[in-house]
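These notes concern the structure reproduced below.
In this note's numbering, the protein residues as written are 34 to 441.
Structure (structure tokens):
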């Protein structure tokens, strides 16, 4: 009997290897991390071509090539990452299945339609917008079902609300884009960007100390500060509203500066030098530091009259890229049966390239504005190298069964 079972298990694994589609849709991180990585490489490659070779190619898109790039990062790459992480995390939090198989494939298909039709003439943007909104609505429903069934609506309502508000932000952007209202477009884009940052801060609060304790052992015991956590949440809501209403308002600067200071204090309480010996943990602290840098640059930009692009790219190219790269590797290793405490060496190189890309994109144009074009080209090349390496390293894991034979 044991031999028969072993043979059957080998046969199942062989079938899955020859047909990766069932594996790809076994759990949410698989299709959406793969799509996010492809988006990171393809969209950045297209953006580099548009910027340096043919900037007028998407002149008909609302906001031109720059508008297309911003929309594809905030409402393309980021939601794919959010979907991949939350469809996997909610399963762990609730102990109940999220979307698998054809429902998961349908969600991924809606996201893909949104990417493929965005720049088409005529009805392309409308089709893309409807597909994206349907994807985000479907994602909220898919996440809400196991949360409600497990009686965790109160604990997870903030996460669900943020995903829903990302959808509303995209609707705001789409209304502005189709109606020729740039201010509405900007409001939707800023709202979507800051909501992704807010979701990342939820992840930071839930897992960073846990991961640190797991890596460093029982000696790592930072004090809890629930009042500080509640104050940071409330202040983030205030900052989000103020930034939507006025990206350069004085009140926005005060809120951004206060958030930067408080988060810097919490970062300092949590960080230990031993964290640097663990690349999968250090990259998350780096992502958190980029959030603080974005808040500080936003406050300083308003106070000193600087351009706000460095602050927005500290959030996007810095925080979102760095933290999502780290979480993609950690989740993929863990959920394909590999040891996250003994990762391969190549992710550290990818993380370093992501950090360098962000540093060049944020700092160089601010320090020497005349070097904006070569700085952009350098940052784009570093980004493509980083996410190309992540794609090459993670795609085989995402397309193959778990190494331990477990489902998922």
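Here a beta-carbon is modelled for each residue, glycine too, at the ideal position from N, C-alpha and C.
For residue 142, name the three-state secondary structure that DSSP assigns. In this structure, residue 142 counts as helix in the three-state DSSP scheme.
Separation of residue 384 from residue 316, as counted between CA atoms: Here the C-alpha atom of residue 316 lies approximately 7 Å from the C-alpha atom of residue 384.
Express the C-alpha separation of residue 158 and residue 200 in angstroms, rounding to a whole number. Taking the straight line joining both Cα atoms gives about 16 Å.
Using a Cβ distance threshold of 8 Å, determine whether the stretch 70-77 contacts the stretch 295-313, with at least three qualifying pairs required. With fewer than three CB-CB distances shorter than 8 Å, the stretch 70-77 does not count as touching the stretch 295-313.
Could you say which of 89, 185, 274 lies nearest to residue 125 if we only look at CA atoms? Selected option, being the one with the closest Cα: 185.
Between the stretch 319-327 and the stretch 189-208, do at least 3 Cβ pairs fall closer than 8 Å? With a cut-off of 8 Å, the stretch 189-208 and the stretch 319-327 do not count as touching, because too few Cβ pairs lie within range.
Measure the beta-carbon distance from residue 98 to residue 61 and round it to whole angstroms, keeping in mind my assumption that it falls under 8 Å. Wrong, their Cβ atoms sit about 32 Å apart, outside the cutoff.
Contact check, residue 133 vs residue 58 under 8 Å by CB: the rounded distance? Going by Cβ atoms, the distance from residue 133 to residue 58 rounds to 6 Å, so yes, they are a contact pair.
Would you mind sorting residue 273 into buried or exposed? The rule is 16 or more other CB atoms within 10 Å of its CB. Classification for residue 273: buried.
Assign residue 362 to one of two classes, buried (16 or more other C-beta atoms within 10 Å of its C-beta) or exposed (fewer than that). Classification of residue 362: buried, given that the 10 Å Cβ count is 16 or more.
What would DSSP say about residue 58, mapped onto helix, strand or coil? Under the three-state reduction of DSSP output, residue 58 falls in the coil class, being neither helix nor strand.
For the candidate residues 411, 163, 381, whose alpha-carbon lies nearest to that of residue 150? Ranking 411, 163, 381 by Cα distance to residue 150 puts 163 first.
Just to check my reading of the structure: residue 427 and residue 379 have Cβ atoms closer than 8 Å, yes? What is that Cβ distance to the nearest angstrom? With 8 Å as the limit, residue 427 and residue 379 do not qualify as a contact, their Cβ atoms being about 10 Å apart.
Near residue 295, what residues of its chain come up, given a Cβ to Cβ distance below 8 Å and the 5 sequence neighbours on each side ignored? Shown here for residue 295: same chain residues with a beta carbon closer than 8 Å to its own, the five before and five after excluded, namely 261, 264, 265, 268 in chain order.
Secondary structure at residue 401, three-state DSSP: helix, strand or coil? Reduced to three states, the DSSP call for residue 401 is coil.
Rounded C-beta distance between residue 357 and residue 430? I'm assuming under 8 Å. Not really, about 16 Å apart at Cβ, beyond 8 Å.
Whose CA, out of 398, 148, 217, lies closest to the CA of residue 69? When 398, 148, 217 are compared, the shortest CA-CA separation from residue 69 is found for 148.
Less than 7 Å separating the beta-carbons of residue 120 and residue 131? Taking 7 Å as the Cβ cut-off, residue 120 and residue 131 qualify as a contacting pair.
Using beta-carbon positions only, say whether residue 299 and residue 370 come within less than 7 Å of one another. Residue 299 places its beta carbon 7 Å or farther from that of residue 370.
Starting from residue 114, trace the alpha helix (DSSP H) both ways and give me its first and last residue. Counting along the chain, the alpha helix (DSSP H) containing residue 114 begins and ends at 111-127.
Taking the C-alpha atoms as reference points, what is the distance between residue 15 and residue 333? Nothing can be reported for residue 15: it is not among the residues displayed for the chain, which extend from 34 to 441.
Could you tell me whether the Cβ atoms of residue 213 and residue 108 are closer together than 7 Å? No.
Using 7 Å as the threshold, is the C-beta distance between residue 292 and residue 337 below it? No. Outside cutoff.
For residue 63, the nearest candidate out of 140, 101, 104, 79 (CA to CA): The residue with the shortest Cα to Cα distance from residue 63 is 140.
How about residue 29 and residue 331: do their beta carbons lie closer than 7 Å? The chain is shown from 34 up to 441; residue 29 falls before or after that span and cannot be answered.
Where does residue 474 fall in DSSP's three states? The requested residue 474 is not part of the displayed model; the chain covers only 34 to 441.
Using beta-carbon positions only, say whether residue 217 and residue 209 come within less than 7 Å of one another. By the CB criterion at 7 Å, residue 217 and residue 209 fall inside the cutoff.
Evaluate residue 228 with the Cβ neighbour count: other Cβ atoms within 10 Å of its Cβ, from every protein chain shown; 16 or more gives buried, anything less gives exposed. Buried is the label assigned to residue 228, since at least 16 other Cβ atoms lie within 10 Å of its Cβ.
Since residue 353 and residue 111 are thought to touch, with beta carbons under 8 Å apart, how far apart are those beta carbons, to the nearest angstrom? About 6 Å; that satisfies the 8 Å criterion.
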